[in-house]
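Position one of the sequence shown corresponds to residue 2 (the working numbering), numbered consecutively onward. Even for Gly, the Cβ is constructed at its ideal location relative to N, Cα and C. Model, not experiment: these values are computed from the prediction.
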Amino acid sequence: MMSCASPRNIIPRPRFRLVSPPSCQSFHGEAKGNDTMNVELYLCKNGTALTGEILLSGAQSGFSVRALVGSVAPDGSLSLQETNPVEEGRAAEWKFCSDTRYSLTPSADGSVRGKYRSNECDDTAAVFLIPDAVPPPAAPLPSTAPPSPPPANPAGVSP
2 MMSCASPRNI IPRPRFRLVS PPSCQSFHGE AKGNDTMNVE LYLCKNGTAL TGEILLSGAQ
62 SGFSVRALVG SVAPDGSLSL QETNPVEEGR AAEWKFCSDT RYSLTPSADG SVRGKYRSNE
122 CDDTAAVFLI PDAVPPPAAP LPSTAPPSPP PANPAGVSP
């Protein structure tokens, strides 16, 4: 007899990946709490204010995309809070909480470490993120125009 997965065991997957606006920084990594989650995140900075989105996806819980707001402290640490849900697909018996707050510290190598805390879900997680590679600026294309002819001999001066 063949076995098949019941609908409650099928974990929904996000239909997209987060795409960072050009002026923002994107990261990826993981958070280890009630469920180990893959994390995609982008942050846009305006002075000390931060906005962005986070995609959390776990093998047990499903996925959630949330808007973020926060700020950069004078010491460079980041304080973020999830706000509006953008999209989610949770597994049965799981929920994504709306009160999650992040305390993150950037490192010299560009990585970001810290934790998140949700009182509603009684969940604390260690968070580790690395910056996504930024493609190098495009090199200028070589000119395909033929070389310019040498300047004309002014006033008939001979070499």
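Nearest candidate by alpha-carbon position, reference Glu-89, set Ser-72, Gly-77 and Ala-68: One-based indexing of the sequence shown puts residue 89 at position 88. It is Ala-68.
Just how far apart, CA to CA, sit Asp-110 and Ser-78? Residue numbering aside, residue 110 sits at position 109 when the sequence shown is read from its first letter. Residue numbering aside, residue 78 sits at position 77 when the sequence shown is read from its first letter. Cα to Cα, Asp-110 sits roughly 15 Å from Ser-78.
When you compare the region 26–37 with the region 113–132, are there three or more beta-carbon pairs, one atom per stretch, that lie closer than 8 Å? The region 26–37, when compared against the region 113–132, does touch it at the 8 Å Cβ threshold.
Could you say which of Leu-130, Ser-72 and Lys-96 lies nearest to Lys-46 if we only look at CA atoms? Taking the first residue of the sequence shown as 1, we reach residue 46 at position 45. Taking only the C-alpha atoms, the option nearest Lys-46 is Ser-72.
Whole angstroms is fine: what's the gap from Leu-1's alpha carbon to Thr-84's? Examination of residue 1 is not possible in this model, given that the chain is present from 2 through 160 alone.
For Cys-45, the residue or residues it bridges with in DSSP: Locating residue 45 in the sequence shown gives position 44, where the first residue counts as 1. The partner list for Cys-45 (beta bridge, DSSP) reads Thr-52.
What span of residues does the beta strand (DSSP E) with Asn-120 cover, start to end? The residue given as residue 120 occupies position 119 in the sequence shown. Segment: none, Asn-120 is in no beta strand (DSSP E) and carries neither H nor E.
May I have the straight-line CA-CA distance separating Asp-36 from Thr-49, to the nearest angstrom? For the purposes of this step, residue 36 is identified with residue 35 of the sequence shown, where counting begins at 1. For the purposes of this step, residue 49 is identified with residue 48 of the sequence shown, where counting begins at 1. Approximately 31 Å between the Cα atoms of the pair.
In the DSSP output, what is Ala-127 paired with across the bridge? Position 126 of the sequence shown, counted from the first residue, corresponds to residue 127. Partner(s): Lys-33 and Lys-116.
If you drop the 5 nearest sequence neighbours on each side, which residues of the same chain put their C-beta closer than 7 Å to that of Phe-97? As a working mapping, residue 97 is identified with position 96 in the sequence shown. The answer, listed in chain order, is Ser-65, Glu-89 and Arg-91.
Mapping DSSP to helix, strand and coil, what is Val-87? Taking the first residue of the sequence shown as 1, we reach residue 87 at position 86. Three-state result, Val-87: strand.
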